[in-house]
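2 protein chains.
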Amino acid sequence: MKLYSYFRSSAAYRVRIALNLKHIDHQLLTVNLLKSEQQSADYMAKNPQGLLPALETEQGVLAQSLAILEYLEETYPETPLLIGNAWQKAQIRNICYAIACDIHPVDNLRVLKYLTSELGVDDDAKNAWYRHWVEVGFDSIEKLLSENCQFCVGDKPTLADVCLVPQVFNAIRFKVDMNKYPKIAAVYQHCNTLSAFSDAAPQNQPDAV
Amino acid sequence: MKLYSYFRSSAAYRVRIALNLKHIDHQLLTVNLLKSEQQSADYMAKNPQGLLPALETEQGVLAQSLAILEYLEETYPETPLLIGNAWQKAQIRNICYAIACDIHPVDNLRVLKYLTSELGVDDDAKNAWYRHWVEVGFDSIEKLLSENCQFCVGDKPTLADVCLVPQVFNAIRFKVDMNKYPKIAAVYQHCNTLSAFSDAAPQNQPDAV
């Protein structure tokens, strides 16, 4: 398998973590979002959506990080990341989507670019926008976590942690005050003691700047 | 089961379609987003995320439309909406997330409100924003559909159609030119010939204005 990745892409970061947790052998190919390489003809031929990540498998190229995560879950069921019965899986997916639908897309690089280039929003207002959507989302997620938890749901890493950790990484980068979210911060810290998470972190990628 | 819904909520509209396709008996309770009833103490006690939809089941309340759809898929496997092997399911989910992550959240009511109230964006620029993100997303999805298709993937309705139809409904409302997307428009038209889709449409809801 080949994963098309950019060190700071939250969505690629999710898939990097899952591949590590599941011990799936893969090759990492880097695509520079800042240079818009995701819209090059070569990459668009792989993923016509022109977004990261994409996973090249023997059957073809998969796009959309959450579709990739669900696919890996079905095809590599050892080390499951959706654990339990349908109700418990729904709790895990609830947190995944609270991040992957409600926070990340609104704060995505292309949205921030539109704010500044098309709407003339200045840097301060752009950063306030970023923090606003993280905080609205984290306010909700903090309520969903248990006291003294090490992971979002249960006592093992799940897809919820796979989605949460990259979002916290970016929240810290945009100076969100994590003291307001002690449970989220504790999960982030604990996950990063595991090499599957820390090896996937942006600063440990070959294209890190 | 009780579904908390608002006639124009795209995310609630998805769940309404899925409940109909799966013939799941349920009660509809309306929550008025324009009056911010989703943030009332009563509703927040049900769904601390303060968003629509929520599905009240015997086990408790589920939030996040995609988590609800996956839960219904696992617990009501008759009339499957994720059809085929892992690869085919990934194609279905790819389209779901291209809508539910890449288009809908950026054009959500609360984001549009922030644009106007916090950033002073006028109505024309707000509507241009709306259409921009729909068009970027539909440009991608149009490439993923087959010629002369009746549904997004295969010859039966799937979760991809469940997500696409509400997004097209809103695109038309915001005057996106659907002539640019003949394959998407054909799927939308065909789905709406089925009562599971048309019964779930905003204009056919008890709270429709």
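Chains as they are written, first to last, in the numbering used here: chain A, 16 to 224; chain B, 16 to 224.
From the three backbone atoms N, C-alpha and C, an ideal C-beta is built for every residue, glycine too.
Asked                                                                                                                : Found
Buried versus exposed call for B/PRO92 [16 or more other C-beta atoms within 10 Å across all chains shown]           : exposed
Interface partners of B/GLU85 on chain A, CB under 8 Å                                                               : LYS104, ALA105 and ARG108
Per-residue contacts from B/GLU93 into chain A (C-beta, under 8 Å)                                                   : In chain order: nothing, as chain A lies at least about 15 Å away.
Closest Cα partner of A/GLN64 within the set B/LYS195, B/VAL126 and B/ILE118                                         : B/ILE118
Complete alpha helix (DSSP H) runs within the stretch 77-133 of chain B (minimum length 4 residues, chain order)     : 80-90, 101-115 and 124-132
Residues near B/LEU130 in its chain [Cβ-Cβ closer than 6 Å; skip 5 each side]                                        : VAL136 and LYS141
Straight-line Cα distance separating A/ARG125 from B/SER213                                                          : 34 Å
Contacts that A/LYS158 makes with chain B (C-beta to C-beta distance below 9 Å)                                      : PRO63 and GLN64
Inter-residue Cα distance where the pair is A/LEU34 and A/LEU96                                                      : 11 Å
Contact set between B/GLU89 and chain A, taken where Cβ atoms lie within less than 8 Å                               : ALA101 and LYS104
Residue-chain proximity (B/TYR145, chain A), Cβ-Cβ < 8 Å                                                             : no
Residues near A/LEU127 by beta carbon distance below 8 Å, same chain, minus five either side                         : LYS141, TRP144 and TYR145
The ligand FMN heavy atom lying under 7 Å from the CB of B/TYR196                                                    : For the structure depicted, the ligand FMN is absent and the ligand set is empty, with no information on it obtainable.
Within chain A, the residues that B/CYS164 reaches when beta carbons sit closer than 9 Å                             : Here the premise fails: no neighbours, minimum Cβ distance about 16 Å.
Close-in-space but distant-in-sequence residues of the same chain around B/GLY152 (CB under 7 Å, 5 per side omitted) : ALA113, ILE114, ASP117 and ILE118
B/GLN220, DSSP secondary structure in three states                                                                   : coil
Inter-residue Cα distance where the pair is B/ARG120 and A/ALA211                                                    : It is Pro, not Arg, that sits at residue 120 of chain B in the sequence shown. Distance between the alpha carbons of B/PRO120 and A/ALA211: 29 Å.
Pairwise C-alpha distance: A/MET16 and B/LEU43                                                                       : 45 Å
Extent of the continuous beta strand (DSSP E) to which A/SER20 belongs                                               : 17-20
B/GLN74 at chain A interface by Cβ criterion, 8 Å                                                                    : yes
CB contact flag (A/LEU49, A/SER24, <8 Å)                                                                             : no
Limits of the unbroken beta strand (DSSP E) element including B/LEU179                                               : It is not in any beta strand (DSSP E) - B/LEU179 instead sits in the alpha helix (DSSP H) that spans 174-188.
8 Å Cβ cutoff, B/PRO120 in contact with chain A                                                                      : yes
Contacting residues, own chain, Cβ-Cβ under 7 Å from A/ASP176 (five flanking each side not counted)                  : PHE166, CYS167, VAL202 and CYS206
Interface flag, A/ALA82 vs chain B, CB-CB below 8 Å                                                                  : yes
B/TYR58 beta carbon less than 8 Å from that of B/VAL46                                                               : yes
Beta-carbon neighbours of A/GLN79, restricted to chain B and to distances below 9 Å                                  : ALA105, ARG108, ASN109, ILE110, CYS111, TYR112, ALA113, CYS116 and ASP117
Residues from the stretch 129-143 of chain B in contact with chain A, defined by Cβ distance under 9 Å               : TYR129, LEU130, GLU133, LEU134, VAL136, ALA140 and ALA143
Beta-carbon proximity of B/THR94 to B/LEU36, cut-off 8 Å                                                             : yes
Endpoints, alpha helix (DSSP H) assigned at B/GLU150                                                                 : 138-159
Residues that A/VAL126 contacts on chain B, provided the C-beta gap is smaller than 7 Å                              : VAL121
8 Å Cβ cutoff, A/SER155 in contact with chain B                                                                      : yes
Member of B/ALA26, B/GLU71, B/ILE32 and B/GLN53 whose CA lies at the smallest distance from the CA of B/LEU18        : B/GLU71
Reduced DSSP category for B/GLN53 - H, G, I as helix; E, B as strand; rest coil                                      : helix
Under 8 Å between C-beta atoms of B/PRO221 and B/PHE184                                                              : no
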